[in-house]
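Here the protein sequences line up with chains D, U, F and R, keeping their order. Under this note's numbering, the residues of the first sequence are numbered 1 to 416, in order. Under this note's numbering, the residues of the second sequence are numbered 1001 to 1416, in order. Under this note's numbering, the residues of the third sequence are numbered 2001 to 2416, in order. Under this note's numbering, the residues of the fourth sequence are numbered 3001 to 3416, in order. Ideal placement from N, C-alpha and C gives every residue a C-beta, glycine not left out. Step one of this worksheet: look at the structure below.
Protein chains: 4
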Amino acid sequence: MNIAGEIEPCLLLQRVQEVRADTLALAAPLSDEDCGAQSMADASPVKWHLAHTTWFFETFVLAAHEHRFEPFDARYRHLFNSYYDAVGSRHPRPQRGLLTRPSLADVRAYREHVDARLGALLSARSHLPPPALDLIELGLQHEQQHQELIVTDVLHLLSHNTLAPAYRTDLAVGDSAELRPLRWREFEGGGAQIGHAGAGFAFDNETPRHRVWLAPYELADRLVTNAEFEAFVAAGGYREPRWWLAEGWDWVQREGITHPLYWRDEHREFTLAGAVPRAAARPVCHLSYYEADAYARWAGARLPTEAEWEHAAAQQSCEGQLRDFDVLRPRAAPGSDEQFFGDAWEWTSSSYAAYPGFAPAAGAVGEYNGKFMVNQYVLRGGSCATPADHIRASYRNFFPAGARWQFSGLRLARSR
Amino acid sequence: MNIAGEIEPCLLLQRVQEVRADTLALAAPLSDEDCGAQSMADASPVKWHLAHTTWFFETFVLAAHEHRFEPFDARYRHLFNSYYDAVGSRHPRPQRGLLTRPSLADVRAYREHVDARLGALLSARSHLPPPALDLIELGLQHEQQHQELIVTDVLHLLSHNTLAPAYRTDLAVGDSAELRPLRWREFEGGGAQIGHAGAGFAFDNETPRHRVWLAPYELADRLVTNAEFEAFVAAGGYREPRWWLAEGWDWVQREGITHPLYWRDEHREFTLAGAVPRAAARPVCHLSYYEADAYARWAGARLPTEAEWEHAAAQQSCEGQLRDFDVLRPRAAPGSDEQFFGDAWEWTSSSYAAYPGFAPAAGAVGEYNGKFMVNQYVLRGGSCATPADHIRASYRNFFPAGARWQFSGLRLARSR
Amino acid sequence: MNIAGEIEPCLLLQRVQEVRADTLALAAPLSDEDCGAQSMADASPVKWHLAHTTWFFETFVLAAHEHRFEPFDARYRHLFNSYYDAVGSRHPRPQRGLLTRPSLADVRAYREHVDARLGALLSARSHLPPPALDLIELGLQHEQQHQELIVTDVLHLLSHNTLAPAYRTDLAVGDSAELRPLRWREFEGGGAQIGHAGAGFAFDNETPRHRVWLAPYELADRLVTNAEFEAFVAAGGYREPRWWLAEGWDWVQREGITHPLYWRDEHREFTLAGAVPRAAARPVCHLSYYEADAYARWAGARLPTEAEWEHAAAQQSCEGQLRDFDVLRPRAAPGSDEQFFGDAWEWTSSSYAAYPGFAPAAGAVGEYNGKFMVNQYVLRGGSCATPADHIRASYRNFFPAGARWQFSGLRLARSR
Amino acid sequence: MNIAGEIEPCLLLQRVQEVRADTLALAAPLSDEDCGAQSMADASPVKWHLAHTTWFFETFVLAAHEHRFEPFDARYRHLFNSYYDAVGSRHPRPQRGLLTRPSLADVRAYREHVDARLGALLSARSHLPPPALDLIELGLQHEQQHQELIVTDVLHLLSHNTLAPAYRTDLAVGDSAELRPLRWREFEGGGAQIGHAGAGFAFDNETPRHRVWLAPYELADRLVTNAEFEAFVAAGGYREPRWWLAEGWDWVQREGITHPLYWRDEHREFTLAGAVPRAAARPVCHLSYYEADAYARWAGARLPTEAEWEHAAAQQSCEGQLRDFDVLRPRAAPGSDEQFFGDAWEWTSSSYAAYPGFAPAAGAVGEYNGKFMVNQYVLRGGSCATPADHIRASYRNFFPAGARWQFSGLRLARSR
C-alpha cells in the first residue's frame, strides 16, 4: 500500500470526489427500502455500504489527522465497523438489515459531512504526511471494492423477490456475439515473477513480488460460456459424484443445487435487468468454486493456479470489457479479447495465502487482508462490476468455496 | 364467527373505515425503512402487515362476492398469503423483509384500491349475503390482531438497534402510581360455563360455550409487577433449576437468559419510547411462559388455568386500561382496577386446545385457529396494544412457551 | 406415591427381586456391544438403564437409610444421574453411548452389590420408616418404566442397522386375527372423577383425584389398525396439509415423513423380531402425536381427551394383552377385548399438565414428573412393552408431539 | 502408487501378515464395548476400522483377482464402504457406532477369512499381475493409516469419559528430558525439488516430483513444547483476536476454546495412559491449524510451507522417535534429534492441493486422495502413532483447520 508521495493532494481530492460520486450513482436507482434490506449474513444493505465506507475515512483518516477530531456521531464507530477488532465492538453482521435508523437520509448527510472534512484536510496548506495520503488512497480502494459488493448484494436481494424486479429497467440486455471456439494457448513455464511491484497502488496481499517456478501449461483463450455449462448440466453433471470434490458433493446434496445461482427455468437467468434470456455466448457466472472445479474436471481440464493465471495475464494489455454502469453483465468474448480482465472473476485452484515475506500493514488496517488467509480461494481478473482501476494482473480477490453471489466464472487450464 | 344479520352494511362500512384508518395511524410514525425490516421469522415487516390484512379482504371477500373480480395484482396472492394452504403457495416467512418491492407506496395504493372496492360492495343496493358480512367482520377482527402485531413487531425491531430509537418520542412515559399490596381473591369453584355465547363477534376458538368443573381457587387482584420480578432476579431465580420446568431450564441455559426480554442494565427497559426507567409498580411483561411459570413457583403460587381466569374475569366489567395510541405501555394498577383487561396478556397454564364440540369455520378461513392447537399456551385479558373490542372474558390468545415479544405478563393463582 | 404401611418388607423384598430380575431378563438376549450403543439423544444404552435404575436405589434409598453409607463408586453419582438437578451434575445425555467404561460386567456387579444391600436393609430387624418403603416402591416403579424404555430403545437402535437384526429370533410373529369392524361406544358425559385414589401405588402426577365435567362423547371399541392407516397413506394423507396441525405439517415436510416410523416398503415393518410382514389387523403404532391427530381428522373423528379416556377405561376390567416377553408386539383385538389396556399407548389430545391441587413429592424425587409438564401430550393405556402393574386407568404417560419410538397408536373419539 | 514388480509376492505376504497383526494388537487392550463406540462423526469405532480395512482388500483386490469371487457377506459392501461413490451406497458415517451387529467377533472372523484368501492369492502359483500387487500394497498402506486413526479415535472416545480411563495402564509415562533452547536453522532457498520419486511406495498425492522456488527461510530445530505453549495461554493468547485468523477467532469464541484439546486443569493432560502430568519439554499437540497459526504469530514467527518443510526434512535421516506401542505419546527432543519425523504432525501453512501434473489413480481407488483437495491443510512428518514406513519427507497428511484429535503440533518458521 505504499504510494506515499506519488500523488498530489489536489489530484487525490479530485479522485475522492469521483469515487464517492460513483458510489452514490450506484445507489441512485434504489428506494430507501431497497437500500435497507439484507438478504443474507454475507451481504450487507446498500445503506450500510454507504455508511461503512464513510466510517473507514472517518476512523482511519480523520480521527488520526484532523486537528480537533470530533466524530459525526460517536455511536457510528460501533454501528459501521465491519470486522476491525482493534477498533472495538461492532453491530452483529447478520443484523445489519435491522438498522432502520440512522435513516438513508442520515447516512447521506454523514457522507456529505465526511466528504467536506476530507476535502478540507486535502485542501489545507498544512502538509498531510505520506501515511495519511496512503490511508486516503486505501479508503478509496476500499470504497471501490464496496461498489462491487453493492452491485452483487443488490442482485442477491432482488433475486429473492418473486416479482423479479429490475435494479434498472434501462440496462443493455441485447447480445449478438457468436460463440467463438475455445482455443488453447501454450505457456512454457519455468521461473517467473508474480506479485505487485513498481508504481501504483496495490493491496498488501499482492506483495512482495516474488519468484515462482511454473511447469509448462495451457490456458483457454476465453471464459467458459453459458452454452458450455448447459452441456454439463444436460449431461447430469450435478448428479454425478465423480466430477466433484467430496466437500462439493456434500454441498450439492445438502443444498439441492442443480444449476448456477441465478439460472431460472431452462432458458432464462436473473440479472440486474430482471429475468432475461440466457445468452449462449456469455460467460457462465455465479458459480461456486465447487462448480467451477467440477466443470473443469468434466471438461478434461482443471482450474489454473493463480501463478499460472498471473503469468499469462501480465502479458496482456489491461483492457477488456470493464465496468459499464449501463451494462453490469458479463459479455461474450468479442474478436480477439481473451477476457482476462473484466466480465467475470476467474476461480483459481489456489488457496488464499500469504506471499513469501508478506507483512500486513501496521495498525488496525493490518486486519484488511491477512486475517482472512484460510479456507478461501483466489479469484483473478475482475468482473463486469469491478472498477477499472482494480483491474490488474496482480489483484487477488478471494471468497470461500461455496460463495456464488459474485460474478464468478472460470477459465480452463491444463498441464502440458 | 356467526354474526350474520346483526350489523347493518352501512354501519359495517363505517367500521371498515375506522379499523383501516387505525392501522395506518399505527404505521404513521415509521419511515419506509422501518416498515420494511423484519427482525425475526416470527415477526413481520409493518409493510407486510399492511398488505396482508388487505389481501385478506381481497382474497376472502372481494374474490368471492364481487361481480367481476380482478385482482389488484395477481402476484400478491402468493406474496401476502400468511399460512393458508388452501389458498396456495406463499413467500417464505423468514424472507418477508426482503420484499423491498412492492414499495410501501405501492402497498398504500393497494390498500386504497381494496378499501374503495369494499366500500362499493357495502354501499351497493345489492344485498350482500350474511356470510359475506361475516367475512368482512372477520377481516376487521383479523386486521385488529395485526394492529397489535405491528406494535410488538416494531418494538422488537427497534430493540435490536443500539441507538435505542423511539417509535414515537411523544409517548407518555411518566408514572406516579404506588405499588398496591397484592391481595388474594377467593373463588368457590364448582360447575361453571366458559366460552363465548350470545351476541357479538367471537372467534371460532372461543366456542362452543361449555361446562367445566372448577376446584376452589384464588387469584391475585393484580398483575405481578416489575419490582416483584426484580426480587426474583435478585434472589438468583434465573440460576436455580428448581424453579423451572425442565424445558424452561434448557431454554435459560441455551439462550443465556438472565432477565425479561427488554430489560436493560439494572434500572431501565426498552419501550416504544426508547430506553426509559423501569417503573416498579408497572406490570412486568415480555415474559416467556417458562419465566412466568418459574416466577409463580418461586412465589409459592402457580399460573391460573384459562377456565379459572375466565370464570373470574367474566364477573368483571370489561373495562380497564385499554389501548391508548399515546401510551402503548402497561400501567400500574390504579385504585380498584384488578387489571383483568388490558395492560398485559396473562399466561395461563392451559395448553391451547379445542373446546368440546369445536368445529373450525368452513373454507380456507377454517385454517385461522384450529391448526395451531398444539404446543402453544393460552394468554388472556389483552394488553396495552390490544384494540378495545378484542377485550373480552372469552378471548383466547396463544403463543409458544418461549415467545416473549408480546406484552405478556402474569397473575398469580393458587389452589385453596 | 403414598403407600407406606401397605406392604410388608418381606413381600417388598420379593418384589425387588422379581422386578430386578425382569430387567436383566430383557437385557439377556443382547451382546455387550448392543448394550452400549445409543441411537439418539432421547434414547439410552441398555447398560445405562441397568446402571441408572440401580443408581436410583443407591441414591434415594441406601444413601438415606443405610447406617454407614458408602457408595459403590462415588463417580457413579455423576455418571448415572438422569436429570435430578438436586443431586448435582451429570454426564451429558447425548453422550451416554460413549461410556464404554464402566463395562457391562462392572454394571452387573454394581447391580448385585446394590441388590444385596437393599436385601440387607429389608431383611434387617430394624424397622424401615414408611418413607423408605415408599422410596423402594418408587424405585421399582421407576425401574419398570425403564424396562419399557429398554425395549423401545433397543428397537430404535436395531432399526438403524441395514442388516435388520432381531432382538430375539424366537419371538412370536404369527397373527391370524381377523379385522373386526370398528364400533362406536357411547358415553353420556356429565360429572365424573378422574385420577388415582385408594389403595395401591400411583405416581404423583395421577393425583389428586378430582372432578371433571364431560360433554357426551363416543369412543371406538378398538385401536386403529395397520390396514386402516394404510388407507390414509394410500389416500395421500401425508401429502395433504389440511389434515395436519400446522406444526405437524412443518414436521412432515422438514423430516420427509411418509409413513409410520418402522414401516418398511409396502408390506413389511421392522420389529424386535426383525423385518416382518405388516399384519392388517394389528394396531398401527410408532406414530407421533401429529400423525395420530391427522389420521383422526381424516377419519372424521378426533383424539379423545385424557378425561374421556379414563372415564371409559375405568369401567373396564384392567385386563387385555399385556406384556409378554415372548411377543413384545401389539396384537389384533380379539373377541370382545376393547384394547384399552396393553398393545399400544393411545395418544390423547390432552397436554400434560398438573391436576388441580397437584403437589410434587418432597425432595429430589419431586423432579420425577412435575418439571416435564409442558409441551408434552398424554398417552394412556399401556403397550405390549408395559409391565402389568403399570396398567391402570389413571396412569399417565407423556411424550413430545414428535416422539415416535414408543409403541404409540390411537383410538378414535368423537363428540355426540 | 507404482511399485509393481518391486516386491516378491512371498515377501508381500509376510508384510500382509505383519501389518494385519499390528492392527489387531492395537485393538487388543480394548473391550467389545470400547471397540463399538463412536465419539463424533469424524471418528469411527475401532470395530469399523477393523472391518473397513478388510473391506478394502475384499473389494479392491479379491473381487478383482479371485477366480470365483464370493463376498464374505454381500451386505458388508454397503456397511463398510467409507466414501467410495464408485462402489455404491454406504452406511451413514455418523451412525457407525450404531452397528452393534455384526459383532466384534463377526468382524474378527471376517478378517481371518479375508486374510486366508489373500494368503491363498499370494501363495498361488498363478502370477498376480502387477496392478494386483500394487493394490495389495495400497491396502496395507491404507490399513496403516487406519492404525493411526484407531489410536487417535480411541483417545478421543476415552476423553469423553469422566472416569478418565486409560487405553493401557502400562504405557510409559515418565519423562526426564530437559527443555532444549530453540535454535534456528537457516536455509538458502532457491530452486528445489519436492514430491516423491524413485523406489518405494508413495501415495498419488506425493507425486509428481516437481520443481519449486523457495525464498530464504529459517526453521526451528525442534517442535514447540508444552511449556512454550503454556506461556501463550498465560499471556491471554486465547482472548486476544489479533493473533488469530478471523475464522479461527470465530471458532475460539463459538466453541469456547481456551487450551489444547486434551489439557486438563493447570498441570495435567489426558493421554492414552489416562490423565497424567503435562511435561514441559514434550511437544504440544492436539492443536488445530488455527491454534498453531495463532501461536506462531504470537511468537513472531509463522508456520512453514510444505515445500519449506520437505526441503529441510529431506536432508535429515528418516529416524526419530517413531511409533512405539508402549509409548504412543510425543517425546521431548533428545540430543540432536530435530524431531522432523515422529512425535507430532506439524501443521504447515499449505492448503492441500494437487501437485503440478497430478493425476489420481484409475478406478475407484482414485477417490483415495484427490477428492479431498479443498479446505484442508497439510501436516508433515508423522507422529508417535504413525507406522514407521509412513515416515518420509514427501508424505502429506491433511486435515481441516479445526481438527484437533490427531497428534498435531507445530514447528516455527520465519522468512529471512
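Practice item. Give the residues of chain F in contact with U/Glu1291, contact being defined as C-beta atoms less than 9 Å apart. Key: Per Cβ cutoff of 9 Å: no residues; U/Glu1291 is ~12 Å from chain F at best.
Review point. Excluding the five sequence neighbours on either side, which residues of its own chain have a C-beta within less than 8 Å of the C-beta of U/Asn1375, listed in chain order?
Key: Ser1351, Pro1400 and Ala1401
Practice item. For the alpha helix (DSSP H) holding U/Tyr1076, just list the boundary residues, first then last. Key: Tyr1076 to Leu1079
Exercise for review: Count the CB pairs spanning the region 2330-2342 of chain F and the region 2365-2372 of chain F that are closer than 8 Å, and state whether there are at least three.
Suggested key: no
**Study point:** Nearest-angstrom Cα separation, counted from R/His3267 out to R/Gly3409
**Key:** 19 Å
Review point. When DSSP builds the beta bridges, which residues end up paired with F/Glu2148?
Key: According to DSSP, which records beta bridges pairwise, F/Glu2148 is partnered with nothing at all.
Review point. D/Gly5 to D/Ala199, Cα distance in whole Å?
Key: Confidence at D/Gly5 is low in this model, with a pLDDT of 47, below 50, so its placement is unreliable and no value can be given for it.
**Study point:** Separation of R/Gly3036 from F/Ile2150, as counted between CA atoms
**Key:** 19 Å
Exercise for review: Within the same chain, show all residues whose beta-carbon is closer than 6 Å to that of U/Ser1039, passing over the 5 residues directly before and after it, in chain order.
Suggested key: His1156, Leu1157 and His1160
Exercise for review: Run down chain U in chain order and give the residues with a C-beta less than 7 Å from the C-beta of D/Asp34.
Suggested key: Thr1100
Point to revise | Run of the beta strand (DSSP E) containing D/Gly190, from where it starts to where it stops | key: Gly190 to Ile194
Point to revise | Backbone CA spacing between U/Leu1417 and U/Tyr1290 [nearest angstrom] | key: Outside the displayed range of chain U (1001 to 1416) lies residue 1417 of chain U, so it cannot be described from this structure.
Check your understanding: In whole angstroms, what is the alpha-carbon distance linking R/Leu3122 and D/Pro304?
Key -> 44 Å
Review point. Using a beta-carbon distance cut-off of less than 8 Å, what residues from the region 2229-2249 of chain F approach chain U?
Key: Pro2241, Arg2242, Trp2244, Leu2245, Ala2246, Glu2247, Gly2248 and Trp2249
Practice item. With D/Gly274 as the anchor, note down where its beta strand (DSSP E) starts and where it stops. Key: Gly274 to Pro277
Check your understanding: With a cut-off of 8 Å, do at least 3 Cβ pairs link the region 321-332 of chain D to the region 279-290 of chain D?
Key -> yes
Point to revise | Helix, strand or coil at R/Trp3184 [DSSP, three-state] | key: strand
Check your understanding: Distance, Cα to Cα, F/Ser2358 vs R/Ala3025?
Key -> Looking at the sequence provided, one finds Phe at residue 2358 of chain F rather than Ser. For F/Phe2358 and R/Ala3025, the distance between alpha carbons rounds to 59 Å.
Point to revise | CB contact check: F/Ser2082 to chain R, cutoff 8 Å | key: no
Check your understanding: In chain order, what residues of the region 146-166 of chain D put their CB closer than 7 Å to some CB of chain U?
Key -> Leu157, His160, Asn161, Thr162, Leu163 and Pro165
Review point. Residues in its own chain within less than 8 Å of F/Leu2223 by CB, not counting five upstream and five downstream?
Key: Pro2283, Val2284, Pro2330, Ala2333, Gln2339, Asp2343, Ala2344, Glu2346, Gly2409, Leu2410 and Arg2411
Review point. For the region 166-186 of chain D against the region 1090-1097 of chain U, are there 3 or more C-beta pairs whose distance is under 8 Å?
Key: no
Practice item. Helix, strand or coil for F/Val2374, going by three-state DSSP, please let me know. Key: coil
Practice item. Return helix, strand or coil for U/Met1001, following the three-state DSSP convention. Key: In this predicted model, U/Met1001 has a pLDDT of only 43, less than 50, meaning its place in the structure is not dependable; the value taken from the coordinates is given anyway. Coil at U/Met1001, not helix or strand.
Exercise for review: Report the residues of the region 345-356 of chain D with a CB closer than 8 Å to any CB of chain R, ordered along the chain.
Suggested key: Ser349, Ser350, Ser351, Ala353, Ala354 and Pro356
Review point. Does any C-beta atom of chain D lie closer than 8 Å to the C-beta of U/Gln1316?
Key: no
Check your understanding: Are three or more beta carbon pairs between the region 1310-1320 of chain U and the region 1255-1272 of chain U nearer than 8 Å?
Key -> no
Check your understanding: When the Cα atoms are used, what is the spatial distance from D/Ala197 to D/Ala393?
Key -> 11 Å
Point to revise | Chain-order list of residues whose beta-carbon lies under 8 Å from that of D/Ala388 (same chain, five-residue window excluded) | key: Leu322 and Arg323
Check your understanding: Which residue comes first and which comes last in the alpha helix (DSSP H) that contains U/Ala948?
Key -> Residue 948 of chain U is absent from the structure shown; chain U starts at 1001 and stops at 1416.
**Study point:** Check whether F/Gly2274 and F/Ala2354 have beta carbons under 8 Å apart
**Key:** no
Exercise for review: Starting from D/Arg211, follow the beta strand (DSSP E) in both directions and report where the run begins and ends.
Suggested key: His210 to Leu214
Review point. How many whole angstroms separate the CB atoms of U/Ser1044 and U/Asp1204, which I take to be in contact at a CB cut-off of 8 Å?
Key: That pair is no contact at about 23 Å.
Review point. Which one of R/Ala3403, R/Thr3386, R/Leu3079 and R/Asp3106 has the shortest CA to CA distance from R/Asp3022?
Key: R/Thr3386
Practice item. Decide if the region 1051-1062 of chain U is in contact with the region 1103-1119 of chain U; the criterion is three or more beta carbon pairs, one per stretch, under 8 Å apart. Key: yes
Exercise for review: Determine the burial state of U/His1067: buried for a count of at least 16 other Cβ atoms within 10 Å of its Cβ, exposed for fewer.
Suggested key: exposed
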